[in-house]
Amino acid sequence: MENRLKKEIIKMKDWLIEIRRIIHMHPELGFEEVETSKFISKWLERFGIEVKSGYAKTGVIGLLQGGESGRTVAIRADMDALPLEEANPVPYVSKVKGKMHACGHDAHVAILLGVAKFFSSVKDQIRGNIKWIFQPAEEGGGGGKVMVEEGVLENPKVDAIFGAHVFPFLPVGKVGVYEREGLAATDRFTIKLIGKGGHAASPHMARDPILAAGHLITQIHSIVSRNINPLESGVITIGKVIGGTAFNIIPDEVELLGTVRSLTPQVREELKSKLEQVTQGVARSFGMHDQFHFEDGYPVLINDLEMTRLVISACSTGIGK
Numbered sequence: 001m002e003n004r005l006k007k008e009i010i011k012m013k014d015w016l017i018e019i020r021r022i023i024h025m026h027p028e029l030g031f032e033e034v035e036t037s038k039f040i041s042k043w044l045e046r047f048g049i050e051v052k053s054g055y056a057k058t059g060v061i062g063l064l065q066g067g068e069s070g071r072t073v074a075i076r077a078d079m080d081a082l083p084l085e086e087a088n089p090v091p092y093v094s095k096v097k098g099k100m101h102a103c104g105h106d107a108h109v110a111i112l113l114g115v116a117k118f119f120s121s122v123k124d125q126i127r128g129n130i131k132w133i134f135q136p137a138e139e140g141g142g143g144g145k146v147m148v149e150e151g152v153l154e155n156p157k158v159d160a161i162f163g164a165h166v167f168p169f170l171p172v173g174k175v176g177v178y179e180r181e182g183l184a185a186t187d188r189f190t191i192k193l194i195g196k197g198g199h200a201a202s203p204h205m206a207r208d209p210i211l212a213a214g215h216l217i218t219q220i221h222s223i224v225s226r227n228i229n230p231l232e233s234g235v236i237t238i239g240k241v242i243g244g245t246a247f248n249i250i251p252d253e254v255e256l257l258g259t260v261r262s263l264t265p266q267v268r269e270e271l272k273s274k275l276e277q278v279t280q281g282v283a284r285s286f287g288m289h290d291q292f293h294f295e296d297g298y299p300v301l302i303n304d305l306e307m308t309r310l311v312i313s314a315c316s317t318g319i320g321k
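For the sequence shown, my numbering assigns the number 1 to the initial residue and increments by one for each residue that follows.
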């Protein structure tokens, strides 16, 4: 089967590129992937794979029962786009204003359809079942959680699940694998500094939240370097600052939005605690109030060691070390 797989992949190349570009040109945001789901279902049905739709609104499942009974393996891809305007000068640029596939989910769908196409052609040689999971709303929408709650890993029960993500920093033809912690926990936070507005010419009569926000941002970016062991990993980034209405007016409040990434529960809690502590300290020092909200997101992805080594072995055999 290994030699046949290599030959089929080569044959599929142009088709895979075409599939990816079609999806790229028609991006849909989380839980809105209606046309993407129809497109996926059409191809799965063409391959003779049983299709189940409606999971997490727009999720799609493909189920292939092999020639012999056995365990069930699932392979997962996300399919939602991002709310970004595409400016890439390519012939397959997004046709939807304000939406684009900027995180590779178009490629993930194409890859998974390619896997489905191959294994459907060798169905009789498969012992067990293969379940293809096309997940909506990965970009902050929690689509995977909803699918699990709705039973995507049951009937038949999934014994192991695999997923992959395109990575532009790897050389073409290389596969990167993490044996334990694969992806960081991702959380988000919102900070509001509430001061007292006033005229720009009379800052002494105001409590300037923009000035306080500048100091707070600097303090936040020192949390990791001065509180986390250099051998551990942690990231805090402020991605959005909202404040002010005019060039000559000091606003009443400023809002900061950001994200925290970590690889252990201990670091995660430490960063959360320090964020709140620093926020309160800076707010007090400027004579103002604060509102701090921390939203727990996805936990750390910890890969199963046995399954990871199976992937490493398969990749080493198929494409070399």
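Note that beta-carbon positions come from the ideal geometry of N, C-alpha and C, so glycine has one too.
Provide the residue(s) that pair with H289 in DSSP beta bridges, ordered along the chain.
In the sequence shown, residue 289 corresponds to position 289, counting from 1. The partner list for H289 (beta bridge, DSSP) reads I194.
Per DSSP, what are the beta-bridge partners of Q277 in this structure?
For this step, residue 277 is matched to residue 277 along the sequence shown. Looking at the DSSP assignment, Q277 forms no beta bridge with any residue, so it has no partner.
Report, in whole angstroms, the separation of the C-beta atoms of H24 and H101, which I expect to be a contact under 8 Å.
Residue numbering aside, residue 24 sits at position 24 when the sequence shown is read from its first letter. Residue numbering aside, residue 101 sits at position 101 when the sequence shown is read from its first letter. Going by Cβ atoms, the distance from H24 to H101 rounds to 5 Å, so yes, they are a contact pair.
Leaving out five residues on either side along the sequence, give the residues of the same chain with a beta carbon under 6 Å from the beta carbon of G48.
Within the sequence shown, numbered from 1, the residue matching residue 48 stands at position 48. S120.
Going by CA-CA distance only, name the one from A116, P203, L257 and A110 that's closest to I220.
Stepping through the sequence shown from its first residue, residue 220 is reached at position 220. Of the candidates A116, P203, L257 and A110, the one whose C-alpha sits nearest the C-alpha of I220 is L257.
Pick helix, strand or coil for L305, following the three-state DSSP scheme.
Residue mapping note: residue 305 aligns to position 305 of the sequence shown, counting from 1. Helix, per DSSP.
I'd like the span of the beta strand (DSSP E) that includes A160, first residue to last.
Against the sequence shown, residue 160 aligns to sequence position 160. Per DSSP, A160 belongs to the beta strand (DSSP E) from A160 to G163.
Does DSSP classify I40 as helix, strand or coil?
Within the sequence shown, the letter at position 40 stands for residue 40. Of the three classes helix, strand and coil, the one that applies to I40 here is helix, per DSSP.
Within 8 Å, do at least three Cβ pairs link the segment 13 to 33 to the segment 78 to 87?
A contact exists between the segment 78 to 87 and the segment 13 to 33.
Starting from the C-beta of T259, find all residues in its chain whose C-beta is less than 6 Å away, skip the five residues before and the five after it, and write them out in chain order.
Along the sequence shown, one-based indexing puts residue 259 at 259. Answer for T259: R188 and T237, listed in chain order.
From which residue to which residue does the alpha helix (DSSP H) around V224 run?
Position 224 of the sequence shown, counting from 1, holds the residue named residue 224. Looking at the DSSP string, the run of the alpha helix (DSSP H) that includes V224 is I223 to N227.
Label E232 either buried or exposed according to how many other C-beta atoms from any shown protein chain fall within 10 Å of its C-beta, with 16 as the threshold for buried.
The sequence position of residue 232 within the sequence shown is 232, counting from 1. It is exposed - the Cβ of E232 has fewer than 16 other Cβ atoms within 10 Å.
Does any C-beta atom of chain C lie closer than 8 Å to the C-beta of I19?
You won't find chain C in this structure, because it holds only one protein chain.
Under the assumption that K57 contacts P136 (Cβ atoms under 8 Å), give the Cβ distance between them as a whole number of angstroms.
As a position in the sequence shown, residue 57 is number 57, starting the count at 1. As a position in the sequence shown, residue 136 is number 136, starting the count at 1. At roughly 6 Å, the Cβ-Cβ gap stays under 8 Å, so K57 and P136 are in contact.
Just to confirm, are G30 and A185 a CB contact at a threshold of 8 Å?
Translated into the one-based positions of the sequence shown, residue 30 becomes position 30. Translated into the one-based positions of the sequence shown, residue 185 becomes position 185. Cβ distance not < 8 Å, so G30 and A185 don't count as in contact.
Closest to E35 by C-alpha separation, out of G59, I161, E45 and G239, would be which residue?
For the purposes of this step, residue 35 is taken as the residue at position 35 of the sequence shown. Comparing Cα positions, the closest option is G59.
Assign A184 to one of three DSSP states: helix, strand, or coil.
Translated into positions along the sequence shown, residue 184 becomes position 184. Reduced to three states, the DSSP call for A184 is coil.
Report yes if the CB atom of V156 is closer than 8 Å to the CB atom of N129, and no otherwise.
Position 156 of the sequence shown, counting from 1, holds the residue named residue 156. Position 129 of the sequence shown, counting from 1, holds the residue named residue 129. Rather than Val, the amino acid found at residue 156 in this sequence is Pro. Cβ distance < 8 Å, so P156 and N129 count as in contact.
Using three-state DSSP, classify A246 as helix, strand or coil.
The residue you call residue 246 lines up with position 246 of the sequence shown. A246 falls in the coil class under three-state DSSP.
Would you check if the distance between the CB atom of H199 and the CB atom of I249 is smaller than 8 Å?
Residue 199 sits at position 199 when you count from the first residue of the sequence shown. Residue 249 sits at position 249 when you count from the first residue of the sequence shown. Result yes, Cβ atoms of H199 and I249 sit closer than 8 Å.
Check whether the Cβ atoms of G163 and L170 sit closer than 8 Å, and answer yes or no.
Position 163 of the sequence shown holds residue 163. Position 170 of the sequence shown holds residue 170. No, the pair does not count as a contact, with Cβ atoms beyond the cut-off.
Who are the near neighbours of I217 in its chain, counting only those whose CB is closer than 6 Å to its CB and skipping five residues on each side?
Start at 1 with the first residue of the sequence shown, and residue 217 comes out as number 217. Only I238 meet the Cβ criterion.
Please look up how many angstroms separate the CB atoms of V152 and I133, rounded, as I've assumed it's under 8 Å.
To locate residue 152, count along the sequence shown from 1; it is residue 152. To locate residue 133, count along the sequence shown from 1; it is residue 133. About 6 Å separates the two Cβ atoms, so the contact holds.
If you follow the beta strand (DSSP E) that T259 is part of, which residue opens it and which one closes it?
For the purposes of this step, residue 259 is taken as residue 259 along the sequence shown, with counting starting at 1. Here the beta strand (DSSP E) through T259 covers E253 to S262.
Output the boundary residues of the beta strand (DSSP E) element that contains F134.
Position 134 of the sequence shown holds residue 134. From DSSP, the beta strand (DSSP E) with F134 extends over R127 to Q135.
Just to confirm my understanding: we take S41, look at its own chain, exclude 5 residues before and 5 after, and list those with CB closer than 7 Å. What are they?
Working through the sequence shown from its first residue, we reach residue 41 at position 41. For S41, where only same-chain residues beyond five positions count, the Cβ hits under 7 Å are V51, S53 and V60.
Enumerate in chain order the residues of its own chain whose CB-to-CB distance from T190 is below 6 Å, with the five nearest sequence positions on each side excluded.
Taking the sequence shown and counting its residues from 1, one reaches residue 190 at position 190. Excluding residues within five positions, the ones whose Cβ falls inside 6 Å are L257 and H293.
Just to confirm before moving on: does the CB-CB distance between G234 and V267 stay below 8 Å?
Taking the first residue of the sequence shown as 1, we reach residue 234 at position 234. Taking the first residue of the sequence shown as 1, we reach residue 267 at position 267. For G234 and V267, yes; Cβs fall inside 8 Å.
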